[in-house]
Amino acid sequence: MAAKLNLSGPSDPETSSLNDQTVSSRSSNRSLRVAEKEKRKNEAEDPFVLALKYFTDVEAGTPVTGNDEVEKHLVLVEKVAYNRGLTPEAVSIMLEFAMSLRMGTTLCARVLKCLIPATSVPQEAVVRAVIWLGVGKIPISTQVLFIKWVLTVFDMIDAKDQLRAVYGFIFSFVTDENLCPFICHLLYLLTRKESVRVFRVRKLLELQSKLGRQPFLLHLLSLYKVFCPELVTLSIPSRMKSGFRNHNAPWKSVLIGVQKRNGSQVASSVSPAFTVKEKANSRKRKHCHLELPALNSVVNKQAQTEASSSIKLVPLVQLHSFAQLLENMHRIELPAQMGSLLGSSLALQYLDCVQDESALLRLNFWLGYALHEEFLFCGDGGGSQNSEEALQFLSKLLSTQHFLQEGFSSSEAFLYKFLTVWDGSLLCPQILGLLSNIPVVPSSQIGRLLFEPLMQLFFSSSLFFKCGLMECLNNMLLKWLTWHSVYALEDDLDISLNSHTSINMTLSGFKDSVMELILFVGRLASVGLQLEGCHSLLLSFILDFYETACDTFLKYGLPLVLMPPPGVFYPALFATDPVSVDRLAYIMYRYKVNLTSAKSQEKATEQAFHISRQTFREFNHYGVMMANCLWNSKMFYPEMGVQLSEELLLKSNVPQYWTSFDFIHHPAFMSYAIDFHQKCWPGRKDVDLNSIKLSKPWSWYLEYLITQGYDGLKQFFQGNISRQQTLGDG
Numbered sequence: 008m009a010a011k012l013n014l015s016g017p018s019d020p021e022t023s024s025l026n027d028q029t030v031s032s033r034s035s036n037r038s039l040r041v042a043e044k045e046k047r048k049n050e051a052e053d054p055f056v057l058a059l060k061y062f063t064d065v066e067a068g069t070p071v072t073g074n075d076e077v078e079k080h081l082v083l084v085e086k087v088a089y090n091r092g093l094t095p096e097a098v099s100i101m102l103e104f105a106m107s108l109r110m111g112t113t114l115c116a117r118v119l120k121c122l123i124p125a126t127s128v129p130q131e132a133v134v135r136a137v138i139w140l141g142v143g144k145i146p147i148s149t150q151v152l153f154i155k156w157v158l159t160v161f162d163m164i165d166a167k168d169q170l171r172a173v174y175g176f177i178f179s180f181v182t183d184e185n186l187c188p189f190i191c192h193l194l195y196l197l198t199r200k201e202s203v204r205v206f207r208v209r210k211l212l213e214l215q216s217k218l219g220r221q222p223f224l225l226h227l228l229s230l231y232k233v234f235c236p237e238l239v240t241l242s243i244p245s246r247m248k249s250g251f252r253n254h255n256a257p258w259k260s261v262l263i264g265v266q267k268r269n270g271s272q273v274a275s276s277v278s279p280a281f282t283v284k285e286k287a288n289s290r291k292r293k294h295c296h297l298e299l300p301a302l303n304s305v306v307n308k309q310a311q312t313e314a315s316s317s318i319k320l321v322p323l324v325q326l327h328s329f330a331q332l333l334e335n336m337h338r339i340e341l342p343a344q345m346g347s348l349l350g351s352s353l354a355l356q357y358l359d360c361v362q363d364e365s366a367l368l369r370l371n372f373w374l375g376y377a378l379h380e381e382f383l384f385c386g387d388g389g390g391s392q393n394s395e396e397a398l399q400f401l402s403k404l405l406s407t408q409h410f411l412q413e414g415f416s417s418s419e420a421f422l423y424k425f426l427t428v429w430d431g432s433l434l435c436p437q438i439l440g441l442l443s444n445i446p447v448v449p450s451s452q453i454g455r456l457l458f459e460p461l462m463q464l465f466f467s468s469s470l471f472f473k474c475g476l477m478e479c480l481n482n483m484l485l486k487w488l489t490w491h492s493v494y495a496l497e498d499d500l501d502i503s504l505n506s507h508t509s510i511n512m513t514l515s516g517f518k519d520s521v522m523e524l525i526l527f528v529g530r531l532a533s534v535g536l537q538l539e540g541c542h543s544l545l546l547s548f549i550l551d552f553y554e555t556a557c558d559t560f561l562k563y564g565l566p567l568v569l570m571p572p573p574g575v576f577y578p579a580l581f582a583t584d585p586v587s588v589d590r591l592a593y594i595m596y597r598y599k600v601n602l603t604s605a606k607s608q609e610k611a612t613e614q615a616f617h618i619s620r621q622t623f624r625e626f627n628h629y630g631v632m633m634a635n636c637l638w639n640s641k642m643f644y645p646e647m648g649v650q651l652s653e654e655l656l657l658k659s660n661v662p663q664y665w666t667s668f669d670f671i672h673h674p675a676f677m678s679y680a681i682d683f684h685q686k687c688w689p690g691r692k693d694v695d696l697n698s699i700k701l702s703k704p705w706s707w708y709l710e711y712l713i714t715q716g717y718d719g720l721k722q723f724f725q726g727n728i729s730r731q732q733t734l735g736d737g
């Protein structure tokens, strides 16, 4: 007992200390519980928390109209957002509510405009919102607004790894013309080296050929070229407008105010965009002509009289499907303002089916007045041409012409006048697109109306305008030839150039116009290649044109064959890229097929057209030149077209200069020859390209080139050179 007392005696102070700690801990835990309970109580009573809970739990399909509760909560969220910004959790909740369209599309844009982050934006919320874009129910204007918001708060997103993981999904939206500028900007910010792929480069180049040389495409391609220069062969101009356009207008001033009140700073890449000085709008009048009027019915006495008669007219605005249009095709009431037809697909289908001359006359009058008033006779010095309305108006007109597969006579007359005052850069894609849709111009007027102003613009503009004009002229030739093949009449050989007009032209007149166009392009191309140092991009667009021109007889039934000028043939033959040489070979192959077919018909029938001997001489000269240059190693021989004195050739100190442009030593194919040599003789240290000229290696080398995809060379040489003839045979 004493032992127990002795043992327990010294431990009494420790026991009391432990008891005190236990009591203190219990008291502390109780205080924490009370504080947490008080906090939860306060949060439960906080109207902002209740508002967020409402948008979290609201069920899909809840009506908006007459719903005072949603209006009350949304006004509160907007007030908090505009005053102190939204927390990351609040941003996630509101963004999910907006993009999921649980209460329809009415509130979506309004919610996006109040998404002002106080500190950061959760990446998961942005990724989920991006995925919602693929559902296809969000209006295009709201999709554009969302991408603008992402661009504005990009540097406030807490991480980017998940966004880069869905890079391919985001890239899929680049095909939408409305989203393309903003998607390119977002991709520019997300791109890493592993993001650059061949199919993406091809898609961007395809979009560039469709939309023109847009800055947003060029900037993204330039970044791709930095990471993978071997995939992007396009030449990027050294001087481009710096950066993308600022798309943060809805959040600009509000976000700056929130950041200042919270005592923080906007991320570095966002703040410069907010300090860009906006140009003052110097327009002195309202551009009412460039706004498409609404599609309304006619309200006048005549309409009322007709409505009371037995034949009741149906306004276009009351039709909502093509089936309804067919049912009421002969009872259509045209709108009061014909310009509204451009904004209605059903109205354009009506014009295309019925071909109402009065409707087309009225539409042409309205369109001609709008174009001349706003682009030629505007009193503010052409300021309206820089407006967004002008861009949208011309884009809508261009899409309408593509829908109808023909142009309007009023836009044609406008273009002839506008080309004389155009600087070549203003609304360039739209103007060139409209220009490619004009009908065939008589050969007696084509020089004054088209060639003279286009020649001045071509020689005084940049490389990219030259390429765009070549593409425009190629599309023009393609449409002319297509019109001929579709509308040519077999009896009197007259063609209707426009199904909505009475303009007719004889076959000889049409052929003269096409011949003038091809010759004009040949002159432009020859001088343009000299001015631009035989630039590969310009050469590519020129070869596109001659791929159309080489098949005028067989593909389009036009009795005309014109060869390219030497200023186009030789730069393509001596090009440093193999694709150009291959395309030239394909063009020469198609010329031979067309000439052979024309010659056989000329012998079989007396009514066939006659091919001049000069055309055959030009083709034979080009064909022999290509064969001797690439195959027979007989470059710079007499009568080979390109002649240099023997003394000058000897001074060049080039060994065996006559082989400088064969398949082995040609600058475009030397890399293939070296690669083939290494594969054929892997043990050799010294590269002897002449060893490929032996019989078997030569055949293997030709098969190797064909496997690289150069089908044009294959078709040309199979049609012009016997396989028994080798390089050494001469």
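Under this note's numbering, the first residue of the sequence shown is numbered 8, with each subsequent residue one higher.
Yeah, the Cβ is synthetic: ideal placement off N, Cα and C, and Gly gets one too.
(1) According to DSSP, is L241 helix, strand or coil?
(2) Out of L433, S443, Q437, A397, which has the shortest C-alpha to C-alpha gap to E413?
(3) V56 and M110 - do their beta-carbons sit closer together than 9 angstroms?
(4) Take G564 and list the residues in its own chain whose beta-carbon comes closer than 6 angstroms to its own, dropping the five residues that flank it on each side.
(5) Taking the alpha carbon of Y679 as the point to measure from, which residue in G690, S242, I123, E710 has its own alpha carbon closest?
(6) How would you call L526, buried or exposed, if buried means at least 16 neighbouring beta carbons within 10 angstroms?
(7) Please report the straight-line C-alpha distance between C541 and G535, rounded to a whole angstrom.
(8) I'd like to check one pair, Q150 with L186: are the Cβ atoms closer than 9 angstroms?
(9) If you count every other CB in all the chains shown that lies within 10 Å of the CB of S744, and 16 or more means buried, which is it?
(10) Tell me the start and end of each unbroken alpha helix (DSSP H) in the stretch 350-427 that is at least 4 residues and wholly inside, in chain order.
(11) Which same chain residues, not among the five before or five after L241, have their C-beta less than 7 angstroms away from its C-beta?
(12) Around the C-beta of M336, are 16 or more other C-beta atoms found within 10 angstroms, so that it is buried, or is it exposed?
(13) According to DSSP, is P674 helix, strand or coil?
(14) If you draw a straight line from the C-alpha of A556 to the C-alpha of S533, how long is it?
(15) Would you check if the distance between the CB atom of V208 and the CB atom of V173 is smaller than 9 angstroms?
(16) Between which two residues does the alpha helix (DSSP H) containing N90 stretch?
(17) Along the alpha helix (DSSP H) that carries S515, what are the first and last residues, could you check?
(18) Distance check for F552 and D501, CA to CA, integer angstroms please.
(19) In its own chain, which residues sit with a C-beta less than 6 angstroms from the C-beta of L720, not counting the 5 before and 5 after it?
(20) Return the residue from the list S587, Q621, Y629 that minimises the CA-CA distance to P573.
(21) Within its chain, find whatever has a CB closer than 7 angstroms to the CB of Y596; leave out the 5 residues flanking it on each side and keep chain order.
(22) Excluding the five sequence neighbours on either side, which residues of its own chain have a C-beta within less than 7 angstroms of the C-beta of N371, listed in chain order?
(23) Taking the Cβ atom as the reference point for each residue, do L93 and M106 lie within a distance shorter than 9 angstroms?
(24) Quick check on the burial criterion: 16 or more other C-beta atoms within 10 angstroms. Buried or exposed for P689?
(25) Could you round the C-beta distance between S450 and S520 to whole angstroms and report it? I think they count as a contact, below 8 angstroms.
(26) Taking S706 as part of the alpha helix (DSSP H), name the residues at either end of that continuous run.
(27) E340 by DSSP, collapsed to three states: which one?
(28) Mapping DSSP to helix, strand and coil, what is Q722?
(29) May I ask you to list the residues that DSSP assigns as paired with V321?
A quick look at the data gives this:
(1) Indexing the sequence shown from 1 puts residue 241 at position 234. It is coil, neither helix nor strand.
(2) Sequence index remark: in the sequence shown, residue 413 carries index 406 (1-based). Checking every option, the nearest Cα to that of E413 belongs to S443.
(3) Here residue 110 refers to the residue found at position 103 of the sequence shown. Here residue 56 refers to the residue found at position 49 of the sequence shown. It is not a contact, given that the beta carbons lie outside the stated cut-off.
(4) Position 557 of the sequence shown, counted from the first residue, corresponds to residue 564. For G564, where only same-chain residues beyond five positions count, the Cβ hits under 6 angstroms are S492.
(5) As a working mapping, residue 679 is identified with position 672 in the sequence shown. When only C-alpha atoms are compared, the closest one is E710.
(6) Sequence index remark: in the sequence shown, residue 526 carries index 519 (1-based). Counting Cβ neighbours within 10 Å, L526 comes out exposed, since fewer than 16 surround it.
(7) Working through the sequence shown from its first residue, we reach residue 541 at position 534. Working through the sequence shown from its first residue, we reach residue 535 at position 528. Going from the Cα of C541 to the Cα of G535 covers about 8 angstroms.
(8) In the sequence shown, counting from the first residue as 1, residue 186 sits at position 179. In the sequence shown, counting from the first residue as 1, residue 150 sits at position 143. Cβ atoms of L186 and Q150: closer than 9 angstroms.
(9) Lying outside 8 to 737, the shown extent of the chain, residue 744 is not represented and no answer is given.
(10) 352-361, 364-378, 395-411, 416-425
(11) Here residue 241 corresponds to residue number 234 of the sequence shown, with the count starting at 1. Around L241: L212, L228, L544.
(12) Looking up residue 336 in the sequence shown gives position 329. So M336 ends up on the exposed side.
(13) The residue given as residue 674 occupies position 667 in the sequence shown. Three-state DSSP puts P674 in coil, outside helix and strand.
(14) Here the question's residue 556 lines up with position 549 in the sequence shown. Here the question's residue 533 lines up with position 526 in the sequence shown. Near 16 angstroms, if we compare the C-alpha coordinates of S533 and A556.
(15) The residue labelled residue 208 in the question sits at position 201 within the sequence shown. The residue labelled residue 173 in the question sits at position 166 within the sequence shown. No, the pair does not count as a contact, with Cβ atoms beyond the cut-off.
(16) Locating residue 90 in the sequence shown gives position 83, where the first residue counts as 1. Looking at the DSSP string, the run of the alpha helix (DSSP H) that includes N90 is 75-91.
(17) If you number the sequence shown from 1, residue 515 lands on position 508. First-last of the alpha helix (DSSP H) with S515: 514-538.
(18) For the purposes of this step, residue 501 is identified with residue 494 of the sequence shown, where counting begins at 1. For the purposes of this step, residue 552 is identified with residue 545 of the sequence shown, where counting begins at 1. Bear in mind that the predicted position of D501 carries a pLDDT of just 47, short of 50, making it unreliable; the figure below should be weighed with that in mind. The straight-line gap from Cα to Cα measures roughly 26 angstroms.
(19) If you number the sequence shown from 1, residue 720 lands on position 713. Hits under 6 angstroms: D589, A592.
(20) As a working mapping, residue 573 is identified with position 566 in the sequence shown. Per the Cα distances, Y629.
(21) What you label residue 596 is simply residue 589 of the sequence shown in a count that begins at 1. These residues qualify, in order along the chain: G719, Q722, F723, G726.
(22) The sequence position of residue 371 within the sequence shown is 364, counting from 1. Around N371: F415, S416, S417.
(23) Position 86 of the sequence shown, counting from 1, holds the residue named residue 93. Position 99 of the sequence shown, counting from 1, holds the residue named residue 106. Cβ atoms of L93 and M106: not closer than 9 angstroms.
(24) Position 682 of the sequence shown holds residue 689. The residue in question, P689, is exposed, as its Cβ has fewer than 16 Cβ neighbours within 10 Å.
(25) Mapped onto the sequence shown, residue 450 falls at position 443. Mapped onto the sequence shown, residue 520 falls at position 513. Contact holds; Cβ gap of about 5 angstroms.
(26) As a working mapping, residue 706 is identified with position 699 in the sequence shown. Per DSSP, S706 belongs to the alpha helix (DSSP H) from 702-714.
(27) By 1-based counting over the sequence shown, the position of residue 340 is 333. Residue state, collapsed to three classes: strand.
(28) On the sequence shown, position 715 is the one that residue 722 refers to. DSSP places Q722 in helix when its eight states are reduced to three.
(29) Numbered from its first residue, the sequence shown carries residue 321 at position 314. Its beta-bridge partners are I339.
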